[in-house]
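Under full-length UniProt numbering, the first residue of the sequence shown is numbered 3, with each subsequent residue one higher.
For reference, the structure is listed below as structure tokens.
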Amino acid sequence: AKNVGILALDIYFPPNCVQQEALEVHDGASKGKYTIGLGQDCMSFCSDVEDVISMSLTVVSTLLEKYEIDPKQIGRLEVGSETVIDKSKSIKSFLMQIFEKYGNTDIEGVDSTNACYGGTAALFNCVNWVESNSWDGRYGLVVCTDSAVYAEGPARPTGGAAAIAMLIGPDAPISFESKLRGSHMAHVYDFYKPDLASEYPVVDGKLSQTCYLMALDTCYKNFCQKYEKHEGKPFSLSDAGYYVFHSPYNKLVQKSFARLVFSDFLRNASSSTDEVAKEKLGPFAALSDEESYQSRDLEKASQQVAKPLFDEKVQPTTLIPKQVGNMYTASLYAAFASLIHNKNSSLEGKRVILFSYGSGLTSTMFSLQLREAKHPFSLSNIARVMDVAEKLKSRQEFPPEKFIETLKLMEHRYGGKDYVTSKDSSLLYPGTFYLTEVDTKYRRFYATK
Ligand code: ACO
């Protein structure tokens with residue numbers, strides 16, 4: 003199989019949202035802390051009738067329907083998620099309901115979990131399968147689904163919720179340059195979920211930021227080495243059209259790209275050879291790695307130098323993460339979906355670099371080539387099907403009090419049994435799956451609007 007990659011995408015996020023500006027007021031935070039300090043505009047959240055299973059059922063159904071894919075044509079289905087509903091039964095097994103109806107139970111794959119990286123692991127598994135001897139000629143399907151919720155405190159505004167489905171196969175408009183991958187994996191306690199009675203993570207915010215940026219640097223170094231080995235010339239930021247980052251909040255994405263610009267400067271790579279950059283970044287060249295992560299002056303100077311390149315190569319990827327929030331496993335792919343939404347067919351012929359990060363930690367930088375493809379898998383059709391603008395616009399804004407109230411209810415219900423939900427599907431689109439009941443044996447039941 004040639005040009006294996008993503009043939010089609012769809013995204014789903016809950017219609018309930020809260021404005022970050024309103025949350026600032028409610029939380030008594032200083033004005034601009036969430037909107038400028040974190041760079042976030044709005045946050046989607048699940049009401050009591052939605053969860054990671056309902057969102058994934060919805061997005062898989064809409065993808066199959068909108069691209070007219072016969073469910074029998076799916077041969078592998080992989081899910082990435084870090085939202086634990088069951089310690090044994092996979093989310094993938096719930097999704098089998100869609101395929102059993104059509105008599106297709108011959109579908110490999112289960113769930114992958116490591117914080118926000120599970121979706122990338124699932125994606126690599128599917129791409130590798132299509133490229134392998136065990137491929138049976140059918141499509142792979144990857145689902146990233148998460149609801150990011152935090153305990154009261156500074157991390158709470160960095161929540162969000164969404165599910166993304168990606169169809170995998172040959173001759174894709176979004177094809178993998180599989181030789182170009184750099185990873186970094188290590189053991190740290192920056193963000194983890196050891197308390198099985200709670201949906202909330204234990205998070206060391208500052209440490210997680212530093213771990214993210216260190217992982218980015220290491221992945222970039224490994225990526226550049228592989229590129230040079232493979233292409234016979236050094237890599238610089240000018241060798242790709244766009245850069246897409248896992249996006250817990252937008253400020254970290256700004257810092258990340260600035261870090262890559264600084265790295266290019268240190269390596270004397272071509273994108274930052276201009277004199278202004280040299281003058282501004284020169285004073286920081288002698289810092290040790292450790293010092294460089296702590297230097298506020300470097301952070302400021304490199305963000306300033308990176309600004310024009312950021313506007314060109316990163317800004318078009320930021321829409322959904324800023325509007326919906328951190329979607330954990332779906333976050334990177336929602337950023338990528340934003341790029342397709344904004345640039346669609348003008349992306350043909352362009353290389354796009356993605357950086358995936360999951361706390362704990364696991365991270366990979368990898369490369370995609372965007373190409374022309376036949377209907378229904380053209381980039382412009384993908385943008386049309388995802389209909390991001392309409393989905394964002396038709397959300398309902400809730401006051402912070404209602405958001406907090408919902409979180410309280412979900413805290414109470416998490417891990418629980420023997421309850422019926424409000425069954426209130428009034429805000430949901432037709433075709434959306436929603437949770438109706440968890441019975442005395444913890445079995446979950448869903449209906450479709
Ligand atoms: N106007 C403008 N900016 C402001 C204002 C204001 N009124 N007040 C604060 N800020 C800025 C700060 O200067 C800071 O910006 P900087 O980093 O450029 O200096 C930013 O807002 C954040 O404020 P802090 O006080 O530094 O941090 P806070 O205590 O609010 O915590 C954090 C932020 C650590 C991101 C927290 O939300 C968190 O723990 N989130 C979850 C962890 C996370 O997302 N980690 C990322 C990788 S791992 C993952 O994906 C889960």
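Idealized CB from N, CA, C, for every residue including glycine.
Which one of the options has the shortest CA to CA distance from residue i?
{"i": "residue 422", "options": "401, 50 and 165", "result": "50"}
{"i": "residue 322", "options": "129, 315, 312 and 333", "result": "333"}
{"i": "residue 6", "options": "356, 260, 125 and 286", "result": "125"}
{"i": "residue 371", "options": "96, 386, 229 and 355", "result": "355"}
{"i": "residue 367", "options": "242, 86, 426 and 77", "result": "242"}
{"i": "residue 329", "options": "105, 75 and 145", "result": "145"}
{"i": "residue 431", "options": "440, 412 and 451", "result": "451"}
{"i": "residue 40", "options": "327, 346, 416 and 384", "result": "327"}
{"i": "residue 192", "options": "246, 99, 229 and 360", "result": "360"}
{"i": "residue 276", "options": "245, 246 and 308", "result": "308"}
{"i": "residue 317", "options": "382, 246 and 374", "result": "246"}
{"i": "residue 121", "options": "412, 379, 382 and 364", "result": "364"}
{"i": "residue 105", "options": "195, 21 and 77", "result": "77"}
{"i": "residue 455", "options": "295, 85 and 115", "result": "Any answer about residue 455 is impossible in this case: the structure gives the chain only from 3 up to 451."}
{"i": "residue 266", "options": "231, 226 and 302", "result": "226"}
{"i": "residue 119", "options": "214, 156 and 400", "result": "214"}
{"i": "residue 177", "options": "199, 303 and 375", "result": "375"}
{"i": "residue 207", "options": "221, 179, 157 and 200", "result": "157"}
{"i": "residue 441", "options": "264, 415 and 384", "result": "415"}
{"i": "residue 44", "options": "139, 400 and 438", "result": "400"}
{"i": "residue 233", "options": "154, 182, 324 and 20", "result": "182"}
{"i": "residue 150", "options": "412, 220 and 72", "result": "412"}
{"i": "residue 396", "options": "377, 73, 303 and 429", "result": "429"}
{"i": "residue 299", "options": "110, 107, 285 and 385", "result": "285"}
{"i": "residue 115", "options": "357, 238, 438 and 194", "result": "194"}
{"i": "residue 425", "options": "337, 438 and 152", "result": "438"}
{"i": "residue 137", "options": "101, 92 and 75", "result": "75"}
Would you mind sorting residue i into buried or exposed? The rule is 16 or more other CB atoms within 10 Å of its CB.
{"i": "residue 420", "result": "exposed"}
{"i": "residue 83", "result": "buried"}
{"i": "residue 452", "result": "A question about residue 452 goes unanswered here, because the residues of the chain that appear run from 3 up to 451."}
{"i": "residue 135", "result": "exposed"}
{"i": "residue 497", "result": "The structure shown does not extend to residue 497, since the chain spans only 3 to 451, so no value can be given for it."}
{"i": "residue 127", "result": "buried"}
{"i": "residue 270", "result": "exposed"}
{"i": "residue 204", "result": "exposed"}
{"i": "residue 175", "result": "buried"}
{"i": "residue 287", "result": "exposed"}
{"i": "residue 112", "result": "exposed"}
{"i": "residue 94", "result": "buried"}
{"i": "residue 198", "result": "exposed"}
{"i": "residue 313", "result": "exposed"}
{"i": "residue 453", "result": "One cannot answer for residue 453 here, as it falls past the ends of the chain, which runs 3 to 451."}
{"i": "residue 325", "result": "buried"}
{"i": "residue 315", "result": "buried"}
{"i": "residue 99", "result": "exposed"}
{"i": "residue 418", "result": "exposed"}
{"i": "residue 162", "result": "buried"}
{"i": "residue 107", "result": "exposed"}
{"i": "residue 398", "result": "exposed"}
{"i": "residue 230", "result": "exposed"}
Report whether the distance from the Cβ of residue i to the nearest heavy atom of the ligand MN is below 7 angstroms.
{"i": "residue 116", "result": "Only the ligand ACO can be found as ligands here, which leaves the ligand MN out of the picture."}
Under the assumption that residue i contacts residue j (Cβ atoms under 8 angstroms), give the Cβ distance between them as a whole number of angstroms.
{"i": "residue 160", "j": "residue 250", "result": "6 angstroms"}
{"i": "residue 448", "j": "residue 436", "result": "6 angstroms"}
{"i": "residue 87", "j": "residue 54", "result": "7 angstroms"}
{"i": "residue 164", "j": "residue 14", "result": "6 angstroms"}
{"i": "residue 56", "j": "residue 81", "result": "Not quite, the Cβ-Cβ distance comes to about 14 angstroms (not below 8 angstroms), so this is no contact."}
{"i": "residue 47", "j": "residue 319", "result": "Going by Cβ atoms, the distance from residue 47 to residue 319 rounds to 22 angstroms, so no, they are not a contact pair."}
{"i": "residue 42", "j": "residue 252", "result": "6 angstroms"}
{"i": "residue 139", "j": "residue 131", "result": "Not confirmed; about 11 angstroms, so no contact."}
{"i": "residue 110", "j": "residue 180", "result": "Not a contact, Cβ separation roughly 20 angstroms."}
{"i": "residue 202", "j": "residue 123", "result": "Actually they are not in contact, since the Cβ atoms of residue 202 and residue 123 sit about 23 angstroms apart, beyond 8 angstroms."}
Any C-beta of chain D sitting closer than 8 angstroms to the C-beta of residue i?
{"i": "residue 113", "result": "Among the chains of the structure shown, chain D does not appear; only one protein chain is present."}
*Give, in chain order, every unbroken run of the alpha helix (DSSP H) that is at least 4 residues long and sits entirely within the region 95-137.*
Qualifying alpha helix (DSSP H) stretches, in chain order: 120-132.
*Pairing CB atoms from the region 13-29 with CB atoms from the region 179-197, are three or more of them under 8 angstroms?*
no
*Tell me, please, whether the region 167-174 touches the region 7-16 by the rule of three or more beta-carbon pairs shorter than 8 angstroms.*
Contact check between the region 167-174 and the region 7-16: three or more CB pairs, one atom from each, fall below 8 angstroms, which counts as touching.
*Kindly confirm or deny that the region 343-358 and the region 274-287 touch, where touching means at least three C-beta pairs closer than 8 angstroms.*
The region 343-358 is not in contact with the region 274-287.
*Within the region 239-282, ranges of the beta strand (DSSP E) (whole runs, at least 3 residues)*: 244-247
_Meets three-Cβ-pair contact criterion under 8 angstroms: the region 383-398 and the region 337-346_ = Enough Cβ pairs lie closer than 8 angstroms, so yes.
*Ordered list of beta strand (DSSP E) runs contained in the region 164-230, each at least 3 residues*: Secondary structure within the region 164-230: the beta strand (DSSP E) runs of 3 or more consecutive residues, fully enclosed, are 176-187 (chain order).
*asked:* Check whether the region 256-265 and the region 370-385 touch, using three or more Cβ-Cβ pairs below 8 angstroms as the test.
replied: no
*Whole beta strand (DSSP E) runs in the region 68-94 with 3 or more residues, listed along the chain?*
76-82
*Ordered list of beta strand (DSSP E) runs contained in the region 349-397, each at least 3 residues*: Complete beta strand (DSSP E) runs here, min 3: 353-360 and 364-372.
*Please list the segments of the beta strand (DSSP E) lying wholly inside the region 8-39, counting only runs of 3 or more residues, in order along the chain.*
18-21
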